[in-house]
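**Student:**
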Amino acid sequence: MMIIRSFDRYGEWAGFEPATGSLEVHGRGEPTPPGAPDPTGHYGTLGDVPVVFYRHGATLHLRIGDQEIGLGSSPEARHERLGGRCRLTIGSTSVVYAAPATLIDPAEDPTPFAEPEDFDIGLFIVNVLEDPARRDSLYTSEHG
Numbered sequence: 002m003m004i005i006r007s008f009d010r011y012g013e014w015a016g017f018e019p020a021t022g023s024l025e026v027h028g029r030g031e032p033t034p035p036g037a038p039d040p041t042g043h044y045g046t047l048g049d050v051p052v053v054f055y056r057h058g059a060t061l062h063l064r065i066g067d068q069e070i071g072l073g074s075s076p077e078a079r080h081e082r083l084g085g086r087c088r089l090t091i092g093s094t095s096v097v098y099a100a101p102a103t104l105i106d107p108a109e110d111p112t113p114f115a116e117p118e119d120f121d122i123g124l125f126i127v128n129v130l131e132d133p134a135r136r137d138s139l140y141t142s143e144h145g
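The sequence shown maps to residues 2 to 145 in our numbering.
This is the structure in structure tokens:
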């Protein structure tokens with residue numbers, strides 16, 4: 002079992018079993034087990050579809066629903082915004098989901114340091130996969 006963090010809920014984490022896709026979510030503030038490894042991924046949703054983005058061994062992986070996708074060294078990845086919808090495409094797998102709600106007026110933004118990928122796990126995944134340095138370092142003990 003590995004420990005992964007929630008993409009959407011600060012302080013929430015889960016135990017994840019890559020072989021089965023089992024995800025056991027633990028609430029905010031609930032401590033990880035003593036001696037648990039550092040988190041090696043994130044989980045969230047694309048609309049109603051559960052997603053887990055994680056590193057297992059030296060390779061990044063993506064689980065979309067029940068489908069496991071090994072991401073290798075340079076996977077085809079695309080994120081499109083289609084009005085009020087988004088489409089994440091990884092290889093031949095595609096998911097369409099409601100565009101995440103974000104603040105529109107920058108003057109009202111309480112998080113001026115936030116990037117659009119901070120609100121959309123699909124965009125986050127594609128941005129990581131398109132940046133070789135991020136792809137190689139994300140979820141490693143050196144990265145944290």
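In this text, a Cβ means the ideal position worked out from N, Cα and C, and glycines have one as well.
1) Tell me the rounded alpha-carbon separation between E131 and P32.
2) Please classify G123: does DSSP put it in a helix, a strand, or coil?
3) To the nearest angstrom, report how far apart A37 and G84 are at their CA atoms.
4) Identify which residue in S93, L89, S95, I70 has its Cα closest to the Cα of P101.
5) What are the partner residues of A99, as DSSP defines its beta bridges?
6) Should C87 and G123 be called a contact, given that it needs their Cβ atoms to be closer than 8 Å?
7) By Cβ distance, which residues of its chain are closer than 6 Å to L139, with the 5 residues on each side in sequence left out?
8) Who are the near neighbours of L72 in its chain, counting only those whose CB is closer than 7 Å to its CB and skipping five residues on each side?
9) Here's the rule I'm using: 16 or more other beta-carbon atoms within 10 Å means buried, otherwise exposed. How should R135 be labelled?
10) List the endpoints of the continuous beta strand (DSSP E) containing P51.
11) Could you spell out where the beta strand (DSSP E) holding A15 opens and where it closes?
12) Between H27 and the rest of its own chain, which residues show a CB-CB distance below 6 Å, the 5 nearest in sequence each way excluded?
13) Considering only the beta carbon of each residue, do G16 and G30 sit closer than 8 Å?
14) Can you tell which of I126, I4, D9 has its C-alpha closest to the C-alpha of R79?
15) Go through its chain and collect everything with a Cβ distance to T94's Cβ below 7 Å, but skip five positions before and after it.
**Tutor:** From the atom records:
1) As a first step, residue 131 must be located in the sequence shown, where it is residue number 130. As a first step, residue 32 must be located in the sequence shown, where it is residue number 31. Roughly 33 Å between the two C-alpha positions.
2) Here residue 123 corresponds to residue number 122 of the sequence shown, with the count starting at 1. The answer is helix: DSSP assigns G123 an H, G or I state.
3) As a first step, residue 37 is located in the sequence shown; it is residue number 36 there, counting from the start. As a first step, residue 84 is located in the sequence shown; it is residue number 83 there, counting from the start. Cα-Cα distance, rounded: 42 Å.
4) Numbered from its first residue, the sequence shown carries residue 101 at position 100. Comparing Cα-Cα distances from P101 to each of S93, L89, S95, I70, the minimum goes to L89.
5) In the sequence shown, residue 99 corresponds to position 98, counting from 1. According to DSSP, A99 bridges with R86.
6) Counting from 1 along the sequence shown, the entry for residue 87 is found at position 86. Counting from 1 along the sequence shown, the entry for residue 123 is found at position 122. Cβ atoms of C87 and G123: closer than 8 Å.
7) Translated into the one-based positions of the sequence shown, residue 139 becomes position 138. The beta carbon of L139 sits closer than 6 Å to the beta carbons of V129 from its chain, once the five residues preceding and following it are set aside; these are given in chain order.
8) Translated into the one-based positions of the sequence shown, residue 72 becomes position 71. Cβ neighbours of L72 beyond the five flanking positions: T60, L61, H62, L63, L130.
9) Taking the first residue of the sequence shown as 1, we reach residue 135 at position 134. Around the beta carbon of R135, a 10 Å sphere encloses fewer than 16 other beta carbons of the protein chains shown; the residue is thus reported as exposed.
10) Translated into positions along the sequence shown, residue 51 becomes position 50. Where P51 is concerned, the enclosing beta strand (DSSP E) stretches over 50–57.
11) The sequence position of residue 15 within the sequence shown is 14, counting from 1. Here the beta strand (DSSP E) through A15 covers 14–18.
12) Counting from one through the sequence shown, the residue named residue 27 turns up at place 26. Result list for H27: W14, in chain order.
13) In the sequence shown, residue 16 corresponds to position 15, counting from 1. In the sequence shown, residue 30 corresponds to position 29, counting from 1. In this structure, G30 does not lie closer than 8 Å to G16 by Cβ.
14) Translated into the one-based positions of the sequence shown, residue 79 becomes position 78. It is I126.
15) Taking the first residue of the sequence shown as position 1, residue 94 is located at position 93. Here the set comprises I65, Q68, I70.
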